[in-house]
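2 protein chains.
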Amino acid sequence: MLPEQLKAIPYFQYLDARTLDRIRTSVFEVRLQKGQILFTEGEPAQAMYVVRSGQVKIFKLSPDGREQVLRIAGPGDCFNEVPIFDGGPNPANAQAVEAVALWGIRRADMRRLVEEHPAIAIGFLKAFAGKLRYFTRKVEDLSFRSVTSRVAKLLLEMAEDDGKGGLRLKQQFTQQEMASVVGTAREMIGRAFKALEKEGAIRLDRHRVVIVSRAALARML
Amino acid sequence: MLPEQLKAIPYFQYLDARTLDRIRTSVFEVRLQKGQILFTEGEPAQAMYVVRSGQVKIFKLSPDGREQVLRIAGPGDCFNEVPIFDGGPNPANAQAVEAVALWGIRRADMRRLVEEHPAIAIGFLKAFAGKLRYFTRKVEDLSFRSVTSRVAKLLLEMAEDDGKGGLRLKQQFTQQEMASVVGTAREMIGRAFKALEKEGAIRLDRHRVVIVSRAALARML
DNA sequence: GGGGGTCTGCGACTTAAGTCTCGCCGCGGA
DNA sequence: TCCGCGGCGAGACTTAAGTCGCAGACCCCC
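Residue numbers (the numbering used here), protein chains in the order written: chain A, 1 to 221; chain B, 1001 to 1221.
This is the structure we're talking about:
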């Protein structure tokens, strides 16, 4: 792998060429096909990962098989950093939602790097701060918001400008996928769509969600 | 304040006398009466805090006034560390549940300390790792477990040995307090108690919960 | 020793969410 | 072309959770 590629990993961007070169040997590549499982919750943690391309779903499973997605890691995102610092097992499951290329960095190597390079430590602290805020919001959402409101919020997060001043969804989730992101049953997603449609926030165009009005969506929060 | 007291703060325990002495000037004391509010969510963050004595409730509020407790910080615990690293506002509200004595460390001072002392940074990383695990479990609980199951779990966490081989609760919460920890309405707590009593897990002795069997409680998870 | 506020115990009721069961559509592979 | 499968829509039903109202117990404080 090339040193320039290493710079793409957020935690490493300010390191000098020499240390980058040393790190190189601790990094290994992983490729997964759609649906493949990278690791499961509870087993001893091997490494931390950085997404190069594709998306990885980080999720919990209930005893009866229900799925709660914690987040979806895309290009540039890292996951499984927690075990580096407490030595514990993987906190969740990781599965490729599409073909994925990753970098892995073995736990002990990463640990040593952090200890030797305070700048990396600060980088991790910033990233952790963001994750903590994210999870407190997730708790808040689950305990205060209705399903429709959580769906509306997800749609807002997934919205991006299309070229022509309108809104489009960054990616097409199936209803089942949205359900496990939002923490509910598949059928509820369809009903939430209908409710949002009645409010003039979205439109359903041949099984595709089209955002009609960001403001109307925001009103449903 | 005395340097030995500073050592009681987990992040500082391995520092030498000289730096401890420097830190002293950044630390201020706070005392709150029962029910007093220390800070609220969204306002600019002033400082990080360490609990010396008493308990501080860290919680979110819904628009209509419902309360979700994120955690309860007791002696030795820290809170509001997140804004140190991202410069953002307070992520939640903090209120004294009883008379409290705290140490506060101003954000910028703490930030500088972390940057100058890598050992402190590692300490924070370990602490953050623990908090991240805690919150992912909280998300999991909210989305998978029933109210009764969450109550059972809370009781298990609150249980400690009394001298005579039995179990006792570390502290007496009101039902309203438990409800906002567990994320539900007050009445549900009472019903959960009845359900747990019927299973032989607890006993209700004049409005007091007595844990009869840890095993029976664990079965309700 | 009273009295007010807080906490608790119910029961009845409403509502949100989850479950079950279909039938249909659309797409891709055989 | 036809089948099969994954995804979707929809209705009927069940269940968990939340809400409301009120009464009694408790406790602390005057």
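By construction, the Cβ of each residue, glycine as well, lies at the ideal position given by its N, Cα and C atoms.
The structure presented is a predicted model; accordingly, all values stated were derived computationally and were not measured.
Same chain only: Cβ atoms within 8 Å of residue i, ignoring 5 sequence neighbours per side
| i | result |
| --- | --- |
| E197 (chain A) | R203 and L204 |
| E1098 (chain B) | K1034, G1054 and Q1055 |
| P89 (chain A) | E41, G42, E43, P44, A45 and P83 |
| P1091 (chain B) | E1041, N1080, V1082 and P1083 |
| G1200 (chain B) | V1212, S1213 and A1216 |
| K1153 (chain B) | D1141, R1145 and L1221 |
| V181 (chain A) | V69, I72, L154 and F173 |
| R208 (chain A) | Q172 |
Chain B within 7 Å of residue i, Cβ atoms only
| i | result |
| --- | --- |
| L142 (chain A) | yes |
| D86 (chain A) | yes |
| T136 (chain A) | yes |
| A185 (chain A) | no |
| V69 (chain A) | no |
| L125 (chain A) | yes |
| F128 (chain A) | yes |
| V212 (chain A) | no |
| K223 (chain A) | The displayed coordinates of chain A run from 1 to 221. Any statement about residue 223 (chain A) would go beyond what the structure contains. |
| P91 (chain A) | yes |
| V82 (chain A) | yes |
Opposing strand residues paired with residue i [DSSP bridges]
| i | result |
| --- | --- |
| M48 (chain A) | A:I105 |
| R208 (chain A) | A:D205 |
| A96 (chain A) | A:V56 |
| L1061 (chain B) | B:E1067 |
| D1077 (chain B) | Partner(s): none; D1077 (chain B) has no beta bridge. |
| P89 (chain A) | A:P44 |
| D1161 (chain B) | B:L1167 |
Classification of residue i by the beta-carbon crowding that lies within 10 angstroms, buried from 16 upward
| i | result |
| --- | --- |
| F1028 (chain B) | exposed |
| S143 (chain A) | buried |
| A221 (chain A) | Here residue 221 (chain A) is Leu; the residue named in the question, Ala, does not match the sequence. That one is exposed. |
| R1194 (chain B) | What sits at residue 1194 (chain B) in the sequence shown is Lys, not Arg. The residue in question, K1194 (chain B), is exposed, as its Cβ has fewer than 16 Cβ neighbours within 10 Å. |
| Y1011 (chain B) | buried |
| K1131 (chain B) | buried |
| K1164 (chain B) | exposed |
| E994 (chain B) | One cannot answer for residue 994 (chain B) here, as it falls past the ends of chain B, which runs 1001 to 1221. |
| T1148 (chain B) | buried |
Cut-off 6 Å between Cβ atoms - residues of its own chain near residue i, not counting five sequence neighbours on either side
| i | result |
| --- | --- |
| Q95 (chain A) | I37 and K57 |
| I1240 (chain B) | Residue 1240 (chain B) lies beyond the stretch modelled for chain B, which goes from 1001 to 1221, so this question has no answer here. |
| M110 (chain A) | M48 and I84 |
| A159 (chain A) | L167 and I211 |
| V1030 (chain B) | L1102 and G1104 |
| L156 (chain A) | L217 |
Span of the alpha helix (DSSP H), counted from its first residue to its last, around residue i
| i | result |
| --- | --- |
| L1221 (chain B) | Run containing L1221 (chain B): none; DSSP gives neither H nor E here. |
| A1196 (chain B) | The amino acid occupying residue 1196 (chain B) in the given sequence is Leu; Ala does not appear at that position. R1186 to K1198 is the extent of the alpha helix (DSSP H) around L1196 (chain B). |
| E1157 (chain B) | V1147 to M1158 |
| P1118 (chain B) | P1118 to F1144 |
| A1008 (chain B) | Run containing A1008 (chain B): none; DSSP gives neither H nor E here. |
| S180 (chain A) | Q175 to V182 |
| D1016 (chain B) | No alpha helix (DSSP H) contains D1016 (chain B), which DSSP labels as neither H nor E. |
heavy atom of the ligand ADP below 6 Å from residue i C-beta
| i | result |
| --- | --- |
| R168 (chain A) | The ligand content of the structure shown is nil, which means the ligand ADP is not present either. |
Unbroken beta strand (DSSP E) run spanning residue i, endpoints
| i | result |
| --- | --- |
| E1041 (chain B) | Taken as a continuous stretch (DSSP letters only), E1041 (chain B) belongs to no beta strand (DSSP E), as it is neither H nor E. |
| L70 (chain A) | E67 to A73 |
| R1031 (chain B) | V1027 to L1032 |
| L1167 (chain B) | L1167 to L1169 |
7 Å CB neighbourhood of residue i in its chain, flanking five on each side removed
| i | result |
| --- | --- |
| D1162 (chain B) | R1168 |
| A1179 (chain B) | A1185, R1186, M1188 and I1189 |
| P1075 (chain B) | V1051, R1052 and S1053 |
Neighbour flag for residue i against chain A, beta carbons, 7 Å
| i | result |
| --- | --- |
| A1179 (chain B) | no |
| K1194 (chain B) | no |
| V1139 (chain B) | yes |
| A1099 (chain B) | no |
| L1132 (chain B) | yes |
| P1118 (chain B) | yes |
| A1121 (chain B) | yes |
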